[in-house]
Structure formats: structure tokens, C-alpha cells
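Participant: Dumping the structure here so I can ask a few things about it.
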Amino acid sequence: MARLVVDPVSRIEGHLRIEAQLDGGKVSDAWSAGTMFRGIEIILKDRDPREAWIWTQRICGVCTMVHALASVRAVEDALGVDIPDSARIVRNLIAGSQMVQDHVVHFYHLHALDWVDVAAALKADPAKTSSIAQSISDYPKSSTTYFKGVQARVKGVVDSGQLSLFASGYWGHPAYKLPPEVNLLAVAHYLEALAWQKDFIRMHAVLGGKNPHPQTFLVGGMSTAMDPAEPFAVINPETITFIRKLAQEARKFVEQVYIPDVLAVAPIYKEWFGYGEGLGNFLSYGDYSSGNQKDPSTFLFPRGVVLNRDISKVLPVDASKITEFVNHSWYEYSGAHGDGKHPFQGETIPNYTGPKPPFEYLEVDKKYSWLKAPRYDNKPMEVGPLARMVVGYAAGQPDIKKAVDGVLKALNAPPTVLFSTLGRIAARALECQIMASKLEGWVDELASNMAHGKVSVFNPVRWDPDTWPSGTTGYGWHEAPRGALGHWVEIEGKAIKNYQAVVPTTWNGGPRDAQGQRGAYEAALLKTPVADPNRPLEILRTVHSFDPCIACAVHVVDAKGREYTRIPRVD
Ligand code: NFE
Ligand code: MG
Numbered sequence: 000m001a002r003l004v005v006d007p008v009s010r011i012e013g014h015l016r017i018e019a020q021l022d023g024g025k026v027s028d029a030w031s032a033g034t035m036f037r038g039i040e041i042i043l044k045d046r047d048p049r050e051a052w053i054w055t056q057r058i059c060g061v062c063t064m065v066h067a068l069a070s071v072r073a074v075e076d077a078l079g080v081d082i083p084d085s086a087r088i089v090r091n092l093i094a095g096s097q098m099v100q101d102h103v104v105h106f107y108h109l110h111a112l113d114w115v116d117v118a119a120a121l122k123a124d125p126a127k128t129s130s131i132a133q134s135i136s137d138y139p140k141s142s143t144t145y146f147k148g149v150q151a152r153v154k155g156v157v158d159s160g161q162l163s164l165f166a167s168g169y170w171g172h173p174a175y176k177l178p179p180e181v182n183l184l185a186v187a188h189y190l191e192a193l194a195w196q197k198d199f200i201r202m203h204a205v206l207g208g209k210n211p212h213p214q215t216f217l218v219g220g221m222s223t224a225m226d227p228a229e230p231f232a233v234i235n236p237e238t239i240t241f242i243r244k245l246a247q248e249a250r251k252f253v254e255q256v257y258i259p260d261v262l263a264v265a266p267i268y269k270e271w272f273g274y275g276e277g278l279g280n281f282l283s284y285g286d287y288s289s290g291n292q293k294d295p296s297t298f299l300f301p302r303g304v305v306l307n308r309d310i311s312k313v314l315p316v317d318a319s320k321i322t323e324f325v326n327h328s329w330y331e332y333s334g335a336h337g338d339g340k341h342p343f344q345g346e347t348i349p350n351y352t353g354p355k356p357p358f359e360y361l362e363v364d365k366k367y368s369w370l371k372a373p374r375y376d377n378k379p380m381e382v383g384p385l386a387r388m389v390v391g392y393a394a395g396q397p398d399i400k401k402a403v404d405g406v407l408k409a410l411n412a413p414p415t416v417l418f419s420t421l422g423r424i425a426a427r428a429l430e431c432q433i434m435a436s437k438l439e440g441w442v443d444e445l446a447s448n449m450a451h452g453k454v455s456v457f458n459p460v461r462w463d464p465d466t467w468p469s470g471t472t473g474y475g476w477h478e479a480p481r482g483a484l485g486h487w488v489e490i491e492g493k494a495i496k497n498y499q500a501v502v503p504t505t506w507n508g509g510p511r512d513a514q515g516q517r518g519a520y521e522a523a524l525l526k527t528p529v530a531d532p533n534r535p536l537e538i539l540r541t542v543h544s545f546d547p548c549i550a551c552a553v554h555v556v557d558a559k560g561r562e563y564t565r566i567p568r569v570d
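Following numbering that gives the first Met the number 0, the numbering of the sequence shown begins with 0 at its first residue and continues without gaps.
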């Protein structure tokens with residue numbers, strides 16, 4: 000029995016440590032620990048709820064705008080504000096393009112190198128790579144000359160001895176199984192995707208003023224002025240033409256590069272449909288409305304819960320059943336410690352009680368993470384693309400049903416293969432394809448609203464705090480790239496009394512709860528084979544399949560407790 004420590008887990012956002020017990024070459028137990036503290040919920044106290052989104056958006060720069068969206072929705076819910084239809088569409092476009100960019104970046108830049116051996120790409124025959132590329136896709140960059148050029152570029156990096164973005168990989172590890180030619184194909188697309196995502200996210204520059212952290216959200220809508228006759232309006236006919244082109248190019252990139260690559264790589268690693276299964280409980284709040292943003296029946300991704308892998312039933316989501324536990328987290332709660340707290344009663348009272356560095360292992364029987372442990376109806380849940388595809392499939396959502404059935408048919412496999420590491424990767428790719436196919440439709444809807452004079456993007460009805468009730472609460476939900484995201488706000492007078500965010504990676508990467516139930520990463524790592532404990536590539540495969548973001552999950556650590564900066568409240 001050996002205890003393995005992976006710290007830090009790289010190619011993620013934030014600081015994550017995995018401790019895993021090995022027995023007979025397999026993981027017999029695992030612990031997931033967020034090793035950074037952030038205090039955004041605390042910073043929000045006493046601030047104006049209309050500006051909360053600007054602060055919460057700084058929870059993360061990877062999923063960037065998702066916390067702005069959840070925040071304005073929470074305050075809109077508390078104040079009873081409906082948003083204009085054109086604001087709904089602009090929000091769908093900003094969030095949808097975030098999801099498409101985020102999934103492509105995850106596949107190529109954060110996850111592919113767990114499956115693709117960059118060093119082996121140097122041994123490939125570029126002519127063979129070219130013929131593979133042309134057999135699986137119409138993507139035009141597929142000539143022998145092109146792949147020769149990519150190979151020369153990679154060789155230049157390797158020969159320089161400065162591996163840069165390819166440093167510290169487990170190159171040559173026996174678990175890499177792709178033929179050299181497929182490695183070269185994937186490395187080429189790694190570089191293409193890097194360039195593509197930078198161009199595509201101009202969608203945020205146009206509709207949000209900048210990326211990351213778009214600046215055009217408002218409680219009550221958006222500040223993206225819309226005017227068909229005004230060249231200086233954010234949204235005018237020229238903008239529509241530009242963002243339509245971005246949406247078309249995104250769909251093409253996903254269809255011609257991302258999807259064929261996933262389909263080319265997956266069969267070579269098909270045993271990974273049998274590892275990384277995890278909890279089997281899935282939660283999706285649902286999102287991307289075609290009408291009223293509060294009405295789940297208008298959502299592209301359905302709302303629901305699937306328990307114990309039973310896709311014959313989708314259970315409704317009851318927000319009152321969400322709680323967070325801190326029995327194994329470095330926080331204190333007032334009152335009975337074994338109880339979970341609903342976010343409306345939630346507290347963020349940090350108290351590090353772990354070992355002083357340097358230490359060998361965390362005290363995993365006590366407290367061991369900066370993540371809380373969220374539970375739904377006292378059960379741990381997986382959230383994210385797989386949860387959305389499972390809930391959507393079980394609910395019979397037509398786009399999801401068609402996409403999932405298509406892949407299962409191609410693999411000649413039952414839906415149960417989805418409950419796995421590779422299933423998570425496939426679900427993310429399918430979801431990205433569905434989302435990329437929806438963007439042009441939303442651009443058309445926006446153009447149509449503009450043509451019909453529906454140019455309002457902001458509802459000012461509750462802008463003046465004198466119109467607010469003296470005390471109120473609200474919650475806002477979003478399906479962020481990594482999963483179900485919720486913000487809960489309590490407003491008293493004209494200021495925030497309490498603010499709690501329960502975030503996708505907190506659900507997936509959180510520690511054990513009062514009953515000792517494992518979180519999603521911890522459960523998914525069980526039975527994972529580890530060929531070489533000094534190079535735990537297989538652990539990375541499963542953890543990365545969730546696309547961890549610890550900055551989000553914990554919402555600047557200084558071991559000595561020094562103050563970095565003091566941020567004044569603006570009255
Ligand atoms: Ni920081 Fe995030 C997403 C949110 S993850 S990336 O997607 O919310 O927990
Ligand atoms: Mg929180």
C-alpha cells in the first residue's frame with residue numbers, strides 16, 4: 000500500500016492536490032484537496048447588490064463571465080426584475096461562446112496531452128497523417144506539407160531544450176497508445192486551436208467590451224445599446240454581420256477539428272469507457288432559454304436530477320435541498336457542526352487547521368480542503384457536461400438525444416459507457432457541438448429583434464434602490480462550462496447582507512461530507528489503474544476529465560496570513 004501525492008495538479012486553473020491510496024496497481028481510495036483560499040463571498044458583504052456581478056466575476060478568469068451572469072440573475076430574482084428579450088439573447092451569445100471556447104481550450108490545451116505524446120509526434124510520417132486527416136474531416140489544413148511544417152516547429156522546440164508549454168509531460172509513458180501519425184495530427188490541432196480561440200472570443204470583445212470579464216452586464220439586462228441606424232451602438236447591422244461570421248467559423252472549427260479528433264482518439268483508448276465512473280448522481284440546473292429566463296421549459300439544456308445512473312427517471316430540482324458541509328473543509332460553522340447549511344444560511348468563516356508545511360500528507364480523516372462539500376438532498380452529485388448530457392438524454396431533449404445516440408451507435412455501445420472518464424470527454428465534445436450549432440440562430444434572433452424595433456436591452460424598473468423592499472432574498476443559476484453554478488443573495492436595506500456561491504468545481508472537487516461520502520473526483524478515481532506511481536498519468540486523465548477550476552471552487556493564499564491589499568467600499 001502506497002500513498003501517492005499529486006501536488007500541484009497542473010493544466011488546470013488554481014491549486015489542486017490529489018492524494019491517492021494504491022493497492023495492487025489501482026487506486027483504492029482518494030482525497031481531493033483545494034489548497035488555495037479565496038474570500039470573494041466575504042468581500043461582497045455590505046456592498047451594493049447592483050455591483051456584485053463585477054466582484055463575483057473576479058472569482059475566475061477561465062470561465063470568466065459565468066459569475067457575472069449568475070450574480071445579476073440572483074439580484075434580479077431578489078428584486079423581481081424581468082429582462083428584455085434582446086438582453087436574454089445577448090446573454091445567451093456571451094455565455095454560449097464562452098462555453099464553446101472553454102470546451103475547445105480544455106480538450107486541446109488542458110487535457111489532450113494526457114492522451115497525446117508530443118515527443119512521439121516527431122516520429123510520424125507526415126504523408127500518413129495527411130491521409131488520416133483527410134479521411135476523417137474536410138478541414139482544409141491537411142496537406143503533407145502542412146504536417147511537415149508542424150513537425151519541424153515541434154522539433155525546433157524540442158531541440159532548443161526549452162520545452163515551454165510542452166515541459167514536464169510524461170512523454171514516453173506506456174499508457175500513451177496513439178500511433179505517431181495521430182499524435183502529430185493532435186499536436187497540429189493543439190496549435191490551431193490556440194490561434195482559433197483567440198480570434199473567436201472577439202465575440203466577448205464586441206458584446207462585452209473585453210475578454211476575460213466582459214463589462215456589459217446590468218441588473219435588469221445588458222448595457223449593449225442596440226440601434227440599427229447608429230454606427231456607435233454596440234449592436235448595429237455591422238456587429239450582426241461580424242458576430243455571425245464568428246459563430247459560423249466556430250461551428251466549422253468544432254465540426255471539422257474538435258469532433259473528428261475526439262472520434263479518432265476515443266476508440267484507441269476505449270478501455271477508458273470503463274474507468275473513472277464516479278458517483279452516478281447527476282445535477283443540472285438547466286439553462287439557455289428561448290423565452291423567459293426563469294422558465295425551465297424554455298431551456299436548451301434541461302433542468303433535472305438523475306440518481307444512481309437511472310436514466311429512466313429525471314427528478315425535479317428542488318433548490319431547498321442544496322446544502323454545503325464543512326466537516327472536512329477548513330471552515331467553521333456557527334451552530335451544530337455536523338449539519339449542512341443551505342446557501343441562504345451559508346457562512347464563510349475560514350480556519351486553517353491542517354499541518355504546517357513542509358508535510359508529507361494531509362490529515363484526510365480531519366479537515367483537508369479549502370473547498371466546501373455541496374450536497375443535494377444529502378447526496379454528492381456530479382455536475383458539468385456529462386451531467387447535462389445525461390439529464391438531457393434522460394429527458395429526451397432532441398438535440399442531446401440525437402448527438403448521444405449518434406456516438407453510441409458509432410461505438411456500438413450502450414449508454415452506460417457514458418459513466419466514465421472517456422464518457423465525460425465525449426459529453427463535453429457533443430455539448431460543444433450542440434452549443435456551436437445554436438450561436439447563429441441567436442444571432443438571427445437578435446437581428447430580427449432589431450429589425451422589429453425590439454431594441455430594449457435594459458429594464459430600469461428596480462434600478463433605484465428606493466423602489467426595493469427593505470429585506471429580500473434571491474438566487475441565480477447558470478450552467479457554466481464546468482457545470483451547475485448557483486449564487487444566493489440576501490439584501491437588507493440597500494446592501495448585501497449575505498452572499499454565497501456554490502460552484503461547479505466545488506460540487507465535483509469537494510471533499511467528504513458529514514457522512515464521509517466522497518466527492519465526485521474522489522469517487523471517480525477509485526479503481527483507476529496506475530502503471531507507474533512516479534508518473535501518475537492515469538490519475539491526471541480522470542481528474543482532468545472534469546476540467547477542474549479551483550479558483551472558482553474556493554471562490555491569494557498567504558501562509559503567513561499577511562494582508563495583500565485592502566479594497567475600499569465605494570458608497
Ligand atoms: Ni473557474 Fe467555473 C466554470 C464556474 S468552475 S471555471 O465553468 O462557475 O467551478
Ligand atoms: Mg461558496
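Using N, Cα and C, we set each Cβ at its ideal position, and we do this for glycine too.
If we ignore side chains and look at the alpha-carbon of each, how far apart do Gly391 and Lys122 end up?
Facilitator: Each residue's alpha carbon lies about 42 Å from the other.
Participant: Helix, strand or coil, according to DSSP, for Ala479 in the structure here?
Facilitator: It is a strand residue.
Participant: So if I measure from each beta-carbon to every heavy atom of the ligand MG and keep distances below 7 Å, which residues remain?
Facilitator: My final list is Glu40, Glu323, Gly345, Thr347, Lys371, Gln499, Ala500, Val501, Val502, Thr505 and His554.
Participant: Helix, strand or coil: how does DSSP classify Trp467 here?
Facilitator: Three-state result, Trp467: coil.
Participant: Looking at the structure shown, is Glu276 part of a helix, part of a strand, or coil, going by DSSP?
Facilitator: Residue state, collapsed to three classes: coil.
Participant: Tell me whether Ile11 is buried or exposed, calling it buried when 16 or more other Cβ atoms sit within 10 Å of its Cβ.
Facilitator: Answer is buried; the Cβ neighbour count reaches 16.
Participant: Which residue wins for smallest C-alpha separation from Gly588, given the options Gly24, Gln100 and Lys378?
Facilitator: The requested residue 588 does not occur in the structure, where the chain is confined to residues 0 to 570.
Participant: How many Å lie between Arg2 and Trp170 at the Cα?
Facilitator: The straight-line gap from Cα to Cα measures roughly 23 Å.
Participant: What residue ranges within the stretch 357-443 form continuous beta strand (DSSP E) runs of no fewer than 3 residues, ordered along the chain?
Facilitator: Runs of the beta strand (DSSP E) inside the stretch 357-443: 372-375.
Participant: When burial is assigned at 16 or more other CB atoms within 10 Å of the CB, is Asp6 buried or exposed?
Facilitator: Burial call: exposed.
Participant: Where does Lys244 fall in DSSP's three states?
Facilitator: Three-state DSSP puts Lys244 in a helix.
Participant: Do the CB positions of Ala519 and Glu430 come within less than 8 Å of each other?
Facilitator: No, the pair does not count as a contact, with Cβ atoms beyond the cut-off.
Participant: Using 8 Å as the threshold, is the C-beta distance between Val65 and His477 below it?
Facilitator: Cβ distance < 8 Å, so Val65 and His477 count as in contact.
Participant: Taking 8 Å as the cut-off, decide whether the C-beta atoms of Val460 and Ser85 are in contact.
Facilitator: Going by C-beta atoms, Val460 is not nearer than 8 Å to Ser85.
Participant: Report the three-state DSSP secondary structure of Lys340 (helix, strand or coil).
Facilitator: In this structure, Lys340 counts as strand in the three-state DSSP scheme.
Participant: Within this structure, are the beta carbons of Gln247 and Glu439 separated by less than 8 Å?
Facilitator: A contact, by the Cβ cut-off of 8 Å.
Participant: Note the first and the last residue of the continuous alpha helix (DSSP H) segment covering Gly95.
Facilitator: Asp84 to Val104 is the extent of the alpha helix (DSSP H) around Gly95.
Participant: Using CA atoms only, rank isn't needed, just tell me which of Asp317, Thr420, Ile41 and Ser333 is closest to Asp376.
Facilitator: Of the candidates Asp317, Thr420, Ile41 and Ser333, the one whose C-alpha sits nearest the C-alpha of Asp376 is Asp317.
Participant: Taking the alpha-carbon positions, what's the Lys244 to Gly33 distance?
Facilitator: In a straight line, the C-alpha of Lys244 is about 40 Å away from that of Gly33.
Participant: Mark Arg572 as exposed unless 16 or more other C-beta atoms lie within 10 angstroms of its C-beta, in which case mark it buried.
Facilitator: With the chain represented from 0 up to 570, any question about residue 572 goes unanswered, as that position is not in the structure.
Participant: How is Gln594 classed by DSSP in three states: helix, strand or coil?
Facilitator: Residue 594 lies beyond the range of the chain shown here (0 to 570); nothing can be said about it.
Participant: Distance check for Val456 and Pro384, CA to CA, integer angstroms please.
Facilitator: Using only the alpha carbons, I get a separation of about 29 Å.
Participant: What do you reckon, are the CB atoms on Thr55 and His486 nearer than 8 Å?
Facilitator: It is a contact, given that the beta carbons lie within the stated cut-off.
Participant: Which of helix, strand or coil does DSSP assign to Glu346?
Facilitator: Glu346 falls in the coil class under three-state DSSP.
Participant: Please state if the CB of Arg308 and the CB of Ser283 are separated by a distance shorter than 8 Å.
Facilitator: No, these two residues do not count as a Cβ contact at 8 Å.
Participant: Suppose you measure from the CA of Asp81 to the CA of Gly219; what does that come to, to the nearest Å?
Facilitator: So the alpha carbons of these two residues sit roughly 7 Å apart.
Participant: Of all the alpha helix (DSSP H) runs that stay within the bounds of the stretch 171-199, which reach a length of 4 or more residues?
Facilitator: With a minimum length of 4 residues, the continuous alpha helix (DSSP H) runs that stay inside the stretch 171-199 are 179-199.
Participant: What number of angstroms, rounded off, separates the C-alpha of Ala575 from the C-alpha of Val186?
Facilitator: Here the chain covers residues 0 to 570 and nothing more, so residue 575 does not appear.
Participant: Under the rule that 16 or more other beta-carbon atoms within 10 Å means buried, what is Asn90, buried or exposed?
Facilitator: For clarity, residue 90 is Arg in the given sequence; the question names Asn instead. So Arg90 counts as buried.
Participant: Under the criterion of a Cβ to heavy atom distance below 7 Å, does Val61 qualify as lining the ligand NFE?
Facilitator: Yes, since a heavy atom of the ligand NFE falls inside the 7 Å radius drawn around the Cβ of Val61.
Participant: I'd like to know whether the C-beta atoms of Cys551 and Ile58 end up nearer to each other than 8 Å.
Facilitator: Contact: yes.
Participant: With respect to 7 Å, is the separation between the Cβ of His66 and the closest non-hydrogen atom of the ligand NFE below this value?
Facilitator: For the ligand NFE, at least one heavy atom lies less than 7 Å from the Cβ of His66.
Participant: Spatial neighbours of His543 within its chain, please: CB distance less than 6 Å, with the 5 preceding and 5 following residues excluded, ordered by chain position.
Facilitator: If we look at His543 and ignore the five residues flanking it on each side, its Cβ neighbours are His110 and Asp113.
Participant: Going by DSSP, what residues sit across from Cys548 in a beta bridge?
Facilitator: The partner list for Cys548 (beta bridge, DSSP) reads Glu12.
Participant: Tell me which residues share the same chain as Ala426 and place their Cβ nearer than 6 Å to its Cβ, disregarding the 5 neighbours each side in the sequence.
Facilitator: Closer than 6 Å at the Cβ level, and outside the excluded window around Ala426, lie Pro384, Leu385 and Met388.
Participant: Please report whether the beta-carbon of Val80 lies at a distance below 8 Å from any beta-carbon of chain C.
Facilitator: Absent from the structure: chain C. Only one protein chain is present.
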